[in-house]
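To keep things clear, I will list the structure first and then write my remarks on it.
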Amino acid sequence: MECIICGHSESTIIFPAGVAQQDAVLKCDNCGLLVLDNASGYSDLSRLEKSSHTSAPAITDQYAEKQILQIPDYANIADFIAAEIGAAANILEIGSNTGAFLNYLKTRGFKAVGLEPNKNAADYAAQKFCHSLINSDLKSAEFNDSEFDAAIMLHVIEHLKNPNIELSEIRRILRPGGLLVIETPSFDSLIFKILKHRERSIRCKGHLFFFTPETLKKLLIKNGFEILRFEYVGRTLTVERFIHNLGIISGSVQLKNFLLRAAEFIRINKLKIKINLKDMQRIYVKNIKSN
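As numbered in our numbering, the sequence shown has no gaps in its residue numbers, which increase by one up to the final residue, 295.
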């Protein structure tokens with residue numbers, strides 16, 4: 005498998021098949037990129053393209069609630085774009101999901117467009133926020149050259165079969181000097197070093213790449229972006245959602261269900277907590293193409 009960053013073809017197995025995921029997790033022997041040995045060619049995007057409306061992933065109440073709950077975690081993205089470009093910037097959100105953050109951007113006065121390949125999520129956004137998302141992948145949307153001032157991609161890049169393709173397209177549709185903000189799990193964290201294959205994000209089906217800050221920066225520089233800012237970010241979640249994550253880490257449905265019943269019994273299941281384990285990274289970059 006040729007590395008998407010450095011082109012090196014030799015890698016080392018970090019987690020054998022069946023340990024973290026069904027396929028093995030590999031590490032490039034040259035640049036250190038972690039990648040799933042995705043022999044089947046699976047991707048969430050391919051699955052959505054092949055699925056019908058009824059077979060696309062449903063939007064549960066708990067999941068929709070999580071999207072709304074985490075809007076404050078992303079608010080400083082809007083602050084950064086407003087400071088760098090202006091409060092009326094033309095923004096593309098790639099992977100808008102339920103439309104919660106897109107709605108926030110619009111309330112801030114941005115001209116914001118949302119792209120979401122999951123038809124059920126796009127329909128939810130239309131019903132909940134009265135915003136029409138473009139139900140498409142990025143390439144098929146066929147945006148104009150230099151159409152946007154900024155693009156936002158939150159927890160999307162790790163799902164892509166070859167991020168170089170999408171990054172090249174983003175660079176084309178961003179104006180010179182346009183901004184791109186990416187958030188994705190970080191695999192240099194203490195929690196990953198402790199939990200290893202039990203860490204939640206490396207066990208998530210659909211995650212194909214596992215970036216450290218170093219490999220993410222290398223990928224973006226390779227694709228013509230200049231690094232402006234990097235930060236580890238926390239997230240807000242309910243105790244209920246925290247227990248759900250513990251269930252993924254432990255692999256025990258029984259433990260998860262016991263803790264959920266206990267939290268509901270003592271009425272803390274909806275309690276909001278803010279956690280920053282430095283296992284999520286956010287990077288702000290600039291498109292350095294010329295006119």
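Cβ atoms here follow ideal geometry from the backbone N, Cα and C, with glycine treated the same way.
Computed from a predicted model, the values in this text were never measured in an experiment.
Where does the unbroken beta strand (DSSP E) through residue i begin, and where does it stop?
| i | result |
| --- | --- |
| residue 189 | 178-189 |
| residue 119 | 115-119 |
| residue 290 | 284-291 |
| residue 230 | 229-236 |
| residue 16 | 15-19 |
| residue 40 | 38-40 |
Identify whether residue i lies in helix, strand or coil by the three-state DSSP scheme.
| i | result |
| --- | --- |
| residue 93 | coil |
| residue 170 | helix |
| residue 279 | strand |
| residue 153 | strand |
| residue 50 | helix |
| residue 111 | helix |
| residue 9 | coil |
| residue 195 | helix |
| residue 213 | strand |
| residue 31 | strand |
| residue 137 | coil |
| residue 223 | helix |
| residue 98 | strand |
Within its chain, find whatever has a CB closer than 6 Å to the CB of residue i; leave out the 5 residues flanking it on each side and keep chain order.
| i | result |
| --- | --- |
| residue 204 | 249, 252 and 253 |
| residue 150 | 179 |
| residue 96 | 117, 152 and 155 |
| residue 48 | 163 and 210 |
| residue 39 | 30 and 213 |
| residue 170 | 142 and 164 |
| residue 110 | 116 |
Pop quiz: residue i and residue j are said to be a contact at Cβ under 8 Å. What is the actual Cβ separation, rounded to whole angstroms?
| i | j | result |
| --- | --- | --- |
| residue 267 | residue 261 | Incorrect: roughly 11 Å between the Cβ atoms, too far for contact. |
| residue 82 | residue 51 | Going by Cβ atoms, the distance from residue 82 to residue 51 rounds to 31 Å, so no, they are not a contact pair. |
| residue 73 | residue 242 | 7 Å |
| residue 223 | residue 287 | No, residue 223 and residue 287 are not in contact; Cβ-Cβ is about 10 Å, not under 8 Å. |
| residue 234 | residue 285 | 7 Å |
Return the chain-ordered list of same chain residues with a C-beta closer than 7 Å to the C-beta of residue i, the five sequence neighbours on each side being excluded.
| i | result |
| --- | --- |
| residue 107 | 133 and 135 |
| residue 17 | 28 and 30 |
| residue 168 | 8 and 227 |
| residue 46 | none |
| residue 63 | 102, 124, 125 and 128 |
| residue 147 | 177 |
| residue 247 | 260, 263, 264 and 267 |
| residue 15 | 5, 30, 31, 32 and 33 |
| residue 79 | none |
Might you give, ordered along the chain, the residues of its own chain that have their beta carbon closer than 8 Å to the beta carbon of residue i, omitting 5 neighbours on each side?
| i | result |
| --- | --- |
| residue 259 | 250 and 251 |
| residue 75 | 104, 105 and 108 |
| residue 42 | 27, 165 and 212 |
| residue 137 | 100, 103, 106, 118, 119, 120, 125, 126, 129 and 130 |
| residue 145 | 119 and 138 |
For residue i, report the span of its alpha helix (DSSP H) as first-last.
| i | result |
| --- | --- |
| residue 257 | 257-269 |
| residue 72 | 65-73 |
| residue 243 | 243-254 |
| residue 142 | 142-145 |
| residue 204 | 204-207 |
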